[in-house]
Every structure is written in C-alpha cells, then in structure tokens.
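Visitor:
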Amino acid sequence: MKVLVVNAGSSSLKYQLIDMETEAVLAKGGVERIGLPASLLKAKGNGKEKVFEKDMPNHKIAIELVLSALQDSDVGVIKSMDEINAVGHRMVASGEYFNKTTVVTEEVLKILEEKTYELAPLHNPPAVTGVRACMEVMPNTPMALVFDTSFHATMPEKAYLYGINYEDYKAYGVRKYGFHGTSHKFVSQEAAKYLGKKPEELKIVTCHLGNGSSISAVDGGKCVDTTMGFTPLAGILMGTRSGDIDASAVEFLAKKKGMTHAEIINYLNKKCGVAGISGVSSDFRDLEKGMAENNERCILALDMFSYQTKKFVGAYAAAMGGLDCIVFTAGIGENTPYVRQEVCNGLEFLGVKIDLEKNKLRPGGSILDLTAPGAKTKVLIVPTNEELVIARETAEVL
15 MKVLVVNAGS SSLKYQLIDM ETEAVLAKGG VERIGLPASL LKAKGNGKEK
65 VFEKDMPNHK IAIELVLSAL QDSDVGVIKS MDEINAVGHR MVASGEYFNK
115 TTVVTEEVLK ILEEKTYELA PLHNPPAVTG VRACMEVMPN TPMALVFDTS
165 FHATMPEKAY LYGINYEDYK AYGVRKYGFH GTSHKFVSQE AAKYLGKKPE
215 ELKIVTCHLG NGSSISAVDG GKCVDTTMGF TPLAGILMGT RSGDIDASAV
265 EFLAKKKGMT HAEIINYLNK KCGVAGISGV SSDFRDLEKG MAENNERCIL
315 ALDMFSYQTK KFVGAYAAAM GGLDCIVFTA GIGENTPYVR QEVCNGLEFL
365 GVKIDLEKNK LRPGGSILDL TAPGAKTKVL IVPTNEELVI ARETAEVL
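So for the sequence shown, the numbering used here puts the first residue at 15; every next one is plus one.
#1: Taking Cβ positions, are C237 and M334 nearer each other than 8 Å?
#2: Identify which residue in F244, T115 and M34 has its Cα closest to the Cα of E97.
#3: Run through the DSSP bridge pairs and tell me what K426 is partnered with.
#4: Which residues does DSSP list as the beta-bridge partners of A332?
#5: Check for me: the alpha helix (DSSP H) holding N283 runs from which residue to which?
#6: If you draw a straight line from the alpha carbon of F165 to that of V232, how long is it in whole angstroms?
#7: Return yes when the Cβ of V89 is within less than 8 Å of the Cβ of N60, no when it is not.
#8: Classify A306 as buried or exposed, calling it buried when 16 or more other Cβ atoms lie within 10 Å of its own Cβ.
#9: Going by C-alpha distance, which of T163, G144, A261 and N99 is nearest G177?
#10: Rounded to whole angstroms, what's the CA-CA distance from L84 to A158? Just pull it up for me.
#11: Going residue by residue through the stretch 68-143, where are the continuous alpha helix (DSSP H) segments of at least 4 residues, counting only ones entirely within it?
#12: For the stretch 387-405 against the stretch 359-369, do three or more pairs of beta-carbon atoms, one drawn from each stretch, fall closer than 8 Å, so that the two count as touching?
#13: Which same chain residues end up closer than 6 Å to A147 when comparing Cβ atoms and leaving out the 5 residues on each side of it in sequence?
#14: Where does K199 land, buried or exposed, given buried means 16+ other C-beta within 10 angstroms?
#15: Which full runs of the alpha helix (DSSP H) of 4+ residues lie inside the stretch 305-392, going along the chain?
#16: For the alpha helix (DSSP H) holding A409, just list the boundary residues, first then last.
#17: Run through DSSP, which three-state label would H194 get?
#18: So the candidates are L55, A248 and E265; which of them puts its Cα closest to the Cα of G257?
#19: Since Y352 and L316 are thought to touch, with beta carbons under 8 Å apart, how far apart are those beta carbons, to the nearest angstrom?
#20: Excluding the 5 residues preceding and the 5 following G234 in the sequence, name in chain order all residues of the same chain whose CB lies nearer than 8 Å to its CB.
#21: Short of 6 Å in beta carbon distance, which residues of its chain neighbour K284, apart from the five on each side in sequence? Order them along the chain.
#22: When you compare the CB positions of K58 and K68, do they come within less than 8 Å of one another, or not?
#23: Are the beta-carbon atoms belonging to F319 and I250 less than 8 Å from one another?
#24: With respect to the beta strand (DSSP E) encompassing D258, which residues constitute its N-terminal and C-terminal limits?
#25: For the alpha helix (DSSP H) that D182 lies in, which residues bound it at each end?
#26: Relative to the C-alpha of T9, which residue among T119, S197 and S108 is closest?
#27: Kindly list the residues whose CB is nearer than 7 Å to the CB of P139, restricted to its own chain and excluding five residues on each side of it in sequence; keep chain order.
#28: Provide the residue span of the beta strand (DSSP E) that contains I48, from first to last.
#29: Nearest-angstrom Cα distance between I381 and T398?
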C-alpha cells in the first residue's frame, strides 16, 4: 500500500509518498509560493533532486504538478496515479467535532469549514483547500484527515477546561485543545518500543521543542495534559510566540502600544518569544552563538526557555503521579544540548540524570539514550516523524 501524505499551507504544500509495507519514503518534496509569482516545486525521488518551475495560481495546479513529479522520468517513483492507494491530509484543529482520524467526506469538510475555521484561521482553511484540490484531481482515491489535536482528545475535563463560565465553554468551545499531537504520539510510542515496554506501562513527558514548542504528559499511552491551549500561542515561550501571559497584561500592552486586537495577537505570535527576549533571532543556533559571545539577552532567552520547559516536566510528573521517561524531539529538542542539560539539571529528585558527554552528540536519525548510569528515569532523544504517523493512521482507518 502506498500512501501520499499531504500538508497544505496557504501558499505551500509539502508531501511524502510512503510505502506502508516497509514504511520507506519513496519520494518527497514541497511546493512554494502557490498563488504568487515564481512558484516552484522541489522534488526528491530515486536519489535525485529536481526543481520544477511553473505558475501555480491555486492548490489544484500544485497537486497536479506533484502527481506529475511522482511520475517524472528522473525523480518519479510510480508509473501511474493508480499506484497511490490513499491520501492522508494533515489537519491542525478538529475542535470537539472529531477526536480521531476521519475518512474524508463532503459532510466532514462542511463541518470543518463551518465550525473550525475560527479555531485555526491560519491553518485549517488552506488545509481544506488542499483536500478539495486533491479530491478534484484524484476523485477515486480514498482520503483521510489526521488531526494535530486528536491525540490530546483523551485529556480529562479538569485538564482541558479554562476557568471561564461553563456555559460559555459549551456555547463557544473555548478550551485547551493542544497541538503537535502526531509528534507526541509518535515519539512516546517509539520510546516505549525502545524501552521494551508497552505504552500502557509508562508515564512519559514528551518535549516537542522547535520554533513552535509543546510539552505533553502521556500516561499509559494517552495524553492527559499538554501545554498548548485554545491556540498554539499558549504554553512555554517559543521562537516568536510569547507563550502563557496574563490576559490583563495583553490588554495593557495593546493600550500602551496603540494596537488593535488583531495587531496585539499578531505581536504575541510573531514579535515575542526568544526572538523578542534576545533581540537577536528566533533561531536557537544564533542564540547559542550569542551565548558563546556572552550576549546576556541570548543567555536569558535560552535560560527562560529551558526553565519553563523544566517546570512543565515537573508539573506533569506530579499530574501523572510519577515519571518513567523524558523524551526530547523536534529541531531544538534534538539539536540543542544546552537546553536539554538545563531542563534536566535539578530534576535529580525525579530520578533524572543525564550523561553530559552523550548529551553533546546528535541523534543522527535514530534514538539516542542520554540516561546516566544508575539513573532511575530514562532520558531519550527521539527524532520525530509526523508524516509516518499520518500515513499509518490513514492506512489503518481506510
């Protein structure tokens, strides 16, 4: 079975074609600048790379070009579209309407269009556009939606509710939903495999640390709490996002800066986080360089990020009544030794201790065990693979 995984943005589209018998990636690529001048497709397959430059005014044309590239004489890996057995689409937010991977139907798409766009205005509309484009080009191929939020659907009410009027929650769906669910699911399951145990036997804190970061408590294979909330703005500070902040401080800032509601939300999403603290960059490689040059604000940004992550590790250990494993994943989690060291430093009371020499290593695409000899709690770097989760769940549901 071959599954095409599609992740559509407003002007971009990433894809992978995965052979589910071996779970090997046969081809992958990305379309840039859909609906803009100088649009192009960068495709990889057969050990080769190729750039296709073409005017792509909409997602339908982009999908057609992707399918053409998959059959290309140089980077193509299939002879016809009939070899694609299913398509799995990444969808960011499901609201409370879908709590698991769902087969694409017109009814499902209408619910998403009518009920979820205001929950994820930057992500869901282009994703649905991508789905409809695929349906138009591949009308006979079954498709599924894999939601970032579905792994977090197991959270209890006490974890996902805010302290607002309960009737308002019921009327408007204002609650914590969580994001990065496919990543948290994958790395927690891979950690269990590595430890030779069933997910049901473990209490794991998964730290998906990237430009967008979230931390989840995974108890017995199920998410019981997570840091991102109603939107991906909540939780720890991130590349350009503020993370948790007093709502009254938001109003205060807006008045002082003369900003509208939309402008202050844009500010919190795109002008804050470690970029705002450091005054240098949202890229942790730049922050590490600044730290080496004794830039105090770069050091402060790294320390704030690490401290806030550590606080949630401790909180989630308390929420689960124990801790068997900490997992680091995503760009920062996999590649920033200083952050991992600072997160683990001071958690000895939870049985956490890492090997500082191993912590300097890069995972190189496989699991890296950082646990120091004799330490009770395992600390692992597990490279994430969200596309594989989407392909697996698509194959399973179809």
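Ideal placement from N, C-alpha and C gives every residue a C-beta, glycine not left out.
Guide: Reading it off the structure:
#1: Here residue 237 corresponds to residue number 223 of the sequence shown, with the count starting at 1. Here residue 334 corresponds to residue number 320 of the sequence shown, with the count starting at 1. Between C237 and M334, the CB-CB gap reaches or exceeds 8 Å.
#2: Against the sequence shown, residue 97 aligns to sequence position 83. Of the listed residues, the one whose Cα sits closest to E97 is M34.
#3: Within the shown structure, residues of the chain are numbered from 15 to 412, placing residue 426 beyond reach of any answer.
#4: Within the sequence shown, residue 332 is the residue found at index 318, counting from 1. Answer is none; A332 lacks a bridge partner.
#5: Locating residue 283 in the sequence shown gives position 269, where the first residue counts as 1. Run containing N283: H275 to K284, per the alpha helix (DSSP H) assignment.
#6: Looking up residue 165 in the sequence shown gives position 151. Looking up residue 232 in the sequence shown gives position 218. Roughly 10 Å separates the two Cα atoms.
#7: Here residue 60 refers to the residue found at position 46 when the sequence shown is read from its first residue. Here residue 89 refers to the residue found at position 75 when the sequence shown is read from its first residue. The criterion of a C-beta distance shorter than 8 Å is satisfied by N60 and V89.
#8: Your numbering for residue 306 matches position 292 in the sequence shown. By the neighbour-count rule (16 or more Cβ atoms within 10 Å), A306 is not buried but exposed.
#9: Here residue 177 refers to the residue found at position 163 when the sequence shown is read from its first residue. Of the candidates T163, G144, A261 and N99, A261 places its Cα closest to the Cα of G177.
#10: As a working mapping, residue 84 is identified with position 70 in the sequence shown. As a working mapping, residue 158 is identified with position 144 in the sequence shown. Taking the straight line from one Cα to the other gives about 20 Å.
#11: Secondary structure within the stretch 68-143: the alpha helix (DSSP H) runs of 4 or more consecutive residues, fully enclosed, are 73-84 and 120-125 (chain order).
#12: Because the criterion of three Cβ pairs below 8 Å is met, the stretch 387-405 and the stretch 359-369 touch.
#13: Along the sequence shown, one-based indexing puts residue 147 at 133. Contacts found: H73, K74 and I77.
#14: The sequence position of residue 199 within the sequence shown is 185, counting from 1. Buried.
#15: For the stretch 305-392, the full-length alpha helix (DSSP H) segments reaching 4 residues or more read 310-334, 344-349 and 351-358 along the chain.
#16: Taking the sequence shown and counting its residues from 1, the one referred to as residue 409 is at position 395. A409 -> alpha helix (DSSP H) spans E400 to V411.
#17: As a first step, residue 194 is located in the sequence shown; it is residue number 180 there, counting from the start. Three-state result, H194: coil.
#18: Locating residue 257 in the sequence shown gives position 243, where the first residue counts as 1. With distances taken between Cα atoms, G257 lies closest to A248.
#19: Within the sequence shown, the letter at position 338 stands for residue 352. Within the sequence shown, the letter at position 302 stands for residue 316. Cβ atoms of Y352 and L316 come within 8 Å of each other, at about 6 Å.
#20: Taking the first residue of the sequence shown as 1, we reach residue 234 at position 220. Only P213, E214, E215, L216 and K217 meet the Cβ criterion.
#21: One-based indexing of the sequence shown puts residue 284 at position 270. Here K284 has T254 as same chain residues with Cβ atoms under 6 Å from its own Cβ, once five neighbours each way along the sequence are excluded.
#22: Translated into positions along the sequence shown, residue 58 becomes position 44. Translated into positions along the sequence shown, residue 68 becomes position 54. Taking 8 Å as the Cβ cut-off, K58 and K68 do not qualify as a contacting pair.
#23: Here residue 319 refers to the residue found at position 305 when the sequence shown is read from its first residue. Here residue 250 refers to the residue found at position 236 when the sequence shown is read from its first residue. Against a cut-off of 8 Å, the Cβ pair of I250 and F319 comes out as a contact.
#24: Here the question's residue 258 lines up with position 244 in the sequence shown. Looking at the DSSP string, D258 is not in any beta strand (DSSP E), and its letter there is neither H nor E.
#25: One-based indexing of the sequence shown puts residue 182 at position 168. Run containing D182: Y180 to Y186, per the alpha helix (DSSP H) assignment.
#26: With the chain covering 15 to 412 only, the question about residue 9 has no answer from this structure.
#27: Counting from 1 along the sequence shown, the entry for residue 139 is found at position 125. For P139, where only same-chain residues beyond five positions count, the Cβ hits under 7 Å are Y131.
#28: Stepping through the sequence shown from its first residue, residue 48 is reached at position 34. That residue, I48, is in no beta strand (DSSP E); it is neither H nor E in DSSP.
#29: The residue given as residue 381 occupies position 367 in the sequence shown. The residue given as residue 398 occupies position 384 in the sequence shown. Whole-angstrom Cα-Cα distance: 10 Å.
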